[in-house]
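What follows is one structure encoded as structure tokens, with my remarks underneath.
Protein chains in written order, with my numbering: chain H, -13 to 263; chain Z, 69 to 344.
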């Protein structure tokens, strides 16, 4: 495989098909985004993205996505742990159902979660009557929808790593006198940390851009529950492509930052883990 | 032994938390959809799902899904083959571009197609002179659906092909087999379960795409409304029974996808074990 010329035929045709489809679906549209962005005037761009309503949209998107992803890290760890380490009734069911947020259309999830969490919904009325907390049409509702969307990410990135950890290390730690908490912290946690970070990043990036499940439950009140993707949508509906593109560029920038943080974190962690070994 | 005992309490707590969490976040919404869909009785349900516009929306969803699956299968196989069988410059960039669509917000995906094919684009006059309309029409919906599911199949195939290595293909090539023959006889049997799984994932996501399709659809009832968009329309018109009835179709499909996934995984695993 290291030699440049492989003996396997078909390089030309697979390259041709790949590049052609990639160009039509991804590259050309991406170029047109770049071309269109280059035509935007800087002052107009800055004016658009610093409007208070837009800034609050970014804030709502980022803060709710962050909280939802943190919840998903905790729950994802627990789920991955019970799936790998324990045997119990209904394990296969849990393993199967975890993927539901990938399989269920976001709009369907959105309307169902909304109806469940309004002040007279099955779940919503409990929270409203007992604690006076409203879920649907608030930022809590947005967070709930984003938790739903993000459930599979952390589980699916931690699970395979956890499966591969050799139980011998834990036994060794135990024999050396470590209690189970120390063993988890010192032996298991460093091993699964890269997977946790990448699961978190994927969930976070997905949540920031999420639209379908959120629009229904958010209520979309300006400055309160308007998410950034919705703001792009409303500019598009008014055919203001410059404004829509400006808002989108900032969001793409945020995604790039998140994914780079992930890459850097992976590098640091893998260095540390390998360095110790 | 001491450790075991401690773990039992912990196990009980963690398993209970997991069941409650998944019960509330995943199972309850499903149950709610089914109950609301059947609120007006079976007749009401049948009426809602056999509505003329519901059927047209379902047909458009199927059309977009079929296109997406075909294009992404062709692309997925050739990209996975290209990336795993040959060494060439720019491989990393290629992988980045393939994965890009899933990291982009669906709304932004819609936006870039509007910028590419919309009225202000320099491509617009050319396409218009041929009478081709892409955005706010069916081709736009199809493109958006392809975009949001773009890496689904290649991503399933690449790890399998990497693990497999290229020895068998090289041997076949040295014995004089052509590309098509090598693929059919040597590579395909190894990747068929991964491919099927990729197709299942692609189908699930394609059927349910909302954001990107919403940007590119003209929202014309019976013309450019997919099933998820039709559900939105009913919901906004306060026809909740209708919205949840239409949703229940997608719920059933989602459950089928999950079951298929488990079956495929099991079959694929069995075959792997046999090969060992």
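Ideal Cβ positions, reconstructed from N, Cα and C, are used throughout, including at glycine. Since we're looking at a predicted model, the values are computed, not measured.
With the criterion set as a beta carbon lying under 8 angstroms from some beta carbon of chain Z, the members of the region 132 to 156 of chain H are 133, 134 and 137, in sequence order. For residue 206 of chain H, the CB contacts under 7 angstroms within the same chain, skipping 5 residues up- and downstream, are 212 and 216 in chain order. Per the coordinates, the alpha-carbon of residue 215 of chain Z lies some 28 angstroms from the alpha-carbon of residue 56 of chain H.
Shown in chain order are the members of the region 235 to 247 of chain H whose Cβ falls below 8 angstroms from a Cβ of chain Z: 237, 238, 241 and 245. Around the CB of residue 148 of chain Z, 16 or more other CB atoms lie within 10 Å, so the residue is classed as buried. Distance from the CA of residue 223 of chain Z to the CA of residue 169 of chain Z, rounded to the nearest whole angstrom, comes to 12 angstroms.
Listed along the chain, the chain Z residues whose CB falls inside 7 angstroms of the CB of residue 104 of chain H amount to none; the nearest CB is some 11 angstroms away. Taking residue 177 of chain Z as the centre and dropping the five residues before and after it, the same chain places the C-beta of 169, 212, 215, 216 and 280 closer than 7 angstroms to its C-beta, in chain order. Contact between the region 82 to 97 of chain H and the region 265 to 281 of chain Z is present: three or more C-beta pairs spanning the two stretches fall below 8 angstroms.
Annotated as proximal: residue 50 of chain H and residue 128 of chain H, with beta-carbon spacing under 8 angstroms. Any Cβ of chain H closer than 8 angstroms to the Cβ of residue 188 of chain Z would place that residue at the interface, and such an atom is present. Looking from the CA of residue 185 of chain H, the closest CA among H/1, H/138, H/167 and H/27 belongs to H/138.
For residue 162 of chain H, not one C-beta of chain Z is nearer than 8 angstroms to its own C-beta. Boundaries cannot be given for residue 288 of chain Z, as no alpha helix (DSSP H) includes it and DSSP labels it neither H nor E. Within the region 53 to 140 of chain H, the complete alpha helix (DSSP H) segments at least 4 residues long are 77 to 83, 86 to 89, 92 to 103 and 110 to 117, listed from N- to C-terminus. Excluding the 5 residues flanking it on each side, residue 268 of chain Z has same chain C-beta neighbours closer than 8 angstroms at 325, 328, 329 and 332, in chain order.
Across the region 156 to 185 of chain Z, CB contacts with chain H closer than 9 angstroms involve 156, 162, 165, 166, 168, 169, 170, 171, 172, 173, 174, 175, 176, 177, 178, 179, 180, 181, 182, 183, 184 and 185, in sequence order along the chain.
Residue environment analysis places residue 103 of chain H among the buried positions, since at least 16 neighbouring C-beta atoms fall within 10 angstroms of its C-beta. With respect to the C-alpha of residue 263 of chain Z, the residue from Z/244, Z/78, Z/137 and Z/306 having the closest C-alpha is Z/137. Residue-level contact by beta carbon holds for residue -8 of chain H and chain Z, with a gap shorter than 8 angstroms. Take residue 255 of chain H, set aside five residues on each side of it, and the residues of its chain with a beta-carbon closer than 6 angstroms to its own are 179 and 180, in chain order.
Pairwise C-beta distances place the region 60 to 79 of chain H in contact with the region 84 to 93 of chain Z, as three or more of them are shorter than 8 angstroms. Only 86, 87, 89, 90, 92, 93, 94, 95, 96, 97, 98, 100, 101 and 104 from the region 86 to 116 of chain Z bring a Cβ to less than 8 angstroms from some Cβ of chain H. Bounds of the alpha helix (DSSP H) holding residue 152 of chain Z are 120 to 153. Shown here, residue 47 of chain H sits in a helix according to DSSP, grouped into three states. Interface residue (Cβ-Cβ distance to chain H less than 8 angstroms): residue 274 of chain Z is not classified as such. Listed in chain order, the alpha helix (DSSP H) elements of length 4 or more contained wholly in the region 293 to 322 of chain Z are 295 to 304.
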